[in-house]
Amino acid sequence: MNSDVIKLLPDSVANQIAAGEVIQRPASVIKELVENSIDAGATSVQIIIKDAGRTLIQVVDNGQGMSATDARMAFERHATSKISSADDLYTLHTMGFRGEALPSIAAVAQIDLRTMRAGEQMGCRLRISESKFEGMEPASCLPGTNMMVKNLFFHMPARRKFLKKDSVELSHILREFERLALVNTDVDFTIIHNDVTLHQLLKGTLKQRITALFGKTLGAQIIPIATETSVVKISGFVGLPSHAKKRGVPQYFFVNGRNMRHPYFHKAVLSCYSELISPEAQPAYFISFDVDPATIDVNIHPQKHEIKFENEQPIWQILTAAVKQALGKVNAAGAIDFDAPDAVPDIPVFLPDPSEKMPAIDTDPSYNPFTDHEWTTTKSKIGHTRLAPRDWDKLYESFAARRDEPTAIPDMADGEVIAISNITHPAPQAELFETDDEITSFFTLRNRYIVAPCQEGLKVIHRQRAHIRVLFDEFAAKLADAPLPSQRLIFPESLSLSPSQSAVMSTISDITRRLGFDVSFLGDNVWAINAIPSVPGITNAVEALTRMIADIEDSGELPETALIEPAALALARSASMTSTQAITEEETRRLIQSLLKCNEPSYTPDGLKIIQIINADEIHRLFD
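Counted the way my numbering counts, the sequence shown spans residues 178 to 801.
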């Protein structure tokens, strides 16, 4: 009996396994293909997609192209032109190096490749389906590479059904496109979806690229940062504190021309804004790092999104110093955009008017408030009438005589007069919370927290989060039963969105009417808000819709039933009280009682903690 059980997997199966890590959705395919084009020296890249990448993903570039042999070898596992030894991993200057992307794509889709080197007369065409080589023949084409990926996951229904709706997948594609376009500002980019041109970007500066992608409004709200040391060179832009938002702000890090996510450096940037913005707000930033390739490791993530730095702590200090310096300059004086036309600072000049004189002041030199004289009516030189005080002791004798007399207060309801001594006060409420804990008192700490004693110690309630939970339950119940009523705006508000957000809005615009919004498309990713929900507290319709779109993008769900919770949460956040808003004791009491009636009073709908109990033992340890 043969006891050997370990077998070598076929290449097609190994490629499908690798595709599970590298190729997650159509946006992953675009990332890998465009990075290959950049590595090939392309100065112009055109992306053509259909049905959000399900049917077709086509990337056309003017790079150096490939020979017929290279074209065939490119789809072999671990075949690459980027590195030749392990030492090259520490001196990377290219986007790709693993040799896994193309065979992974070929394992989950149909490939039609046309490529030709510059200076040659004839190129070649290569066809692959499900990792199976179908044929290669000479073909006439332009210099560069034309890669077509058709019917993604066509033979893998289990993976294909996990793709989201076209609008959601398109938003992921546009986010990936933004990352690629921001880091390669010297390349012309065009992206076309279903024969509609979404972006057509010309090469230029980073600020020009930011403005082209996110609009002129954001371009006017960012300030430059720049510093250079022996460890790192930092450049880019950060947003003004006054324009920080709670959701939907662009935040990008680039390292040696490569996009990355780095929570440690993200925290460093936020620390610079700690005293300038609210804790919930987020600033925009576009920060590029240039470091020695030997001091970073990009081979720690299948999609190369994360990078390990050798000098993280020094870079943290340099980064915070650069951001604080830029913010300090803006706080001292307004920034001047010298790239803008007619950028001439308007500096006011003080020119005193010799004709203007200080007005004359007429006083009564004989007036002394401390002089004891009769109650007499006198008239000052400037015409004002006043009374002179006299006999202060007699004045207070009348008050002392009436001190013990009962004071009467008229009742505005029936006109009766009731003495204060006869007023009876209601007994204090024995139980504030409908729980096993008997809590009879509470107080508000800095308009942010509600503190009350309990059996365990102290119960601390986050006031704003509690209000969000209460409003969320109310809005969710209303939306489940019937559409929210609307109120027309006298002056419609303008909502500027990114291309990815606008794609989501175009899909949900009909459903938003159920939420009480009347939204119409104006063009160029700008929408008009004509009506808002007739709900008390909703004053910022732009913020409410932006939050809703961001939540829907994160969830990836677009059915009407799935929209109820993101919509209710967005409306609750918009209508909730702020930390600067003072409320009365009775309003606080009603808020607590409403919170305890909720199905989940301890957490917000997005999982944030509302109630925190400080144990008595923890309090005792503070005094040990």
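Glycine is no exception: its CB is placed at the ideal position from the N, C-alpha and C atoms.
Tell me where the beta strand (DSSP E) around residue 671 begins and ends.
663-673
Counting pairs of beta carbons, one from the region 417-431 and one from the region 363-376, are three or more of them closer than 8 Å?
No, they do not touch.
Using alpha carbons as the reference points, say which of 247, 227 and 452 lies closest to residue 372.
227
For a test of the three-state rule: what should DSSP assign to residue 754, helix, strand or coil?
coil
So for residue 349, helix, strand or coil by DSSP?
helix
Can you say whether residue 450 is buried or exposed, counting buried as having 16 or more other CB atoms within 10 angstroms of its CB?
buried
Should residue 322 be flagged as near chain B, meaning a C-beta pair shorter than 8 Å?
The displayed structure is made up of one protein chain only, and chain B is not part of it.
Where does the unbroken alpha helix (DSSP H) through residue 216 begin, and where does it stop?
203-216
Are the CB atoms of residue 224 and residue 206 within a distance shorter than 8 Å?
no
Tell me which same chain residues have a C-beta within less than 7 Å of the C-beta of residue 239, skipping the five on either side of it?
219, 220, 221, 320 and 321
Would you call the CB atoms of residue 466 and residue 411 closer than 8 Å?
yes
According to the neighbour-count rule (16 or more other Cβ atoms, all chains shown, within 10 Å of its Cβ), is residue 643 buried or exposed?
buried
Does the region 323-331 come within contact of the region 349-359, defined as at least 3 CB pairs closer than 8 Å?
no
DSSP three-state call for residue 799: helix, strand or coil?
Residue 799 carries a coil assignment under DSSP once its states are collapsed to helix, strand and coil.
From what residue to what residue does the beta strand (DSSP E) around residue 621 run?
620-622
Under the three-state reduction of DSSP, which class applies to residue 360: helix, strand or coil?
helix
Helix, strand or coil, according to DSSP, for residue 541 in the structure here?
Three-state DSSP puts residue 541 in coil, outside helix and strand.
I'd like to confirm the pairing. Which residues does DSSP put opposite residue 314 in its beta bridges?
302
Helix or strand or just coil, what does DSSP make of residue 519?
Low confidence applies to residue 519: its pLDDT is 48, below 50, so where it sits in the model is not reliable enough to give any reading.
Residue ranges of each beta strand (DSSP E) run of no fewer than 3 residues wholly in the region 677-703, ordered along the chain?
695-700
Considering only DSSP beta bridges, list what residue 786 is partnered with.
780
Which class does residue 723 belong to by DSSP, given the choice of helix, strand or coil?
Collapsing the DSSP output to three states places residue 723 in a helix.
Enumerate in chain order the residues of its own chain whose CB-to-CB distance from residue 241 is below 6 Å, with the five nearest sequence positions on each side excluded.
217 and 218
With a CB to CB cut of under 8 Å and the five nearest residues on each side skipped, what residues in its chain are close to residue 443?
428 and 430
Would a C-beta distance cut-off of 8 Å place residue 707 and residue 767 closer than the cut-off?
no
Short of 6 Å in beta carbon distance, which residues of its chain neighbour residue 209, apart from the five on each side in sequence? Order them along the chain.
278
What is the DSSP secondary structure of residue 443, reduced to helix, strand or coil?
helix
Straight-line CA distance for residue 723 to residue 783?
16 Å
I'd like to confirm the pairing. Which residues does DSSP put opposite residue 462 in its beta bridges?
415 and 428
Please return the same chain residues whose Cβ sits closer than 8 Å to the Cβ of residue 386, not counting the five positions on each side in sequence.
358, 359, 362 and 378
Residues in the same chain with beta-carbon distance under 6 Å from residue 622, minus the five sequence neighbours each way, listed in chain order, please.
628
Please report the straight-line C-alpha distance between residue 204 and residue 727, rounded to a whole angstrom.
18 Å
So for residue 502, helix, strand or coil by DSSP?
helix
Tell me which residue opens and which closes the alpha helix (DSSP H) that residue 223 is part of.
Counting along the chain, residue 223 falls outside any alpha helix (DSSP H), though it belongs to the beta strand (DSSP E) covering 221-227.
At the level of alpha carbons, what is the spacing between residue 305 and residue 232?
16 Å
Report the rounded CA-to-CA distance for residue 369 versus residue 670, giving the unit in angstroms.
29 Å
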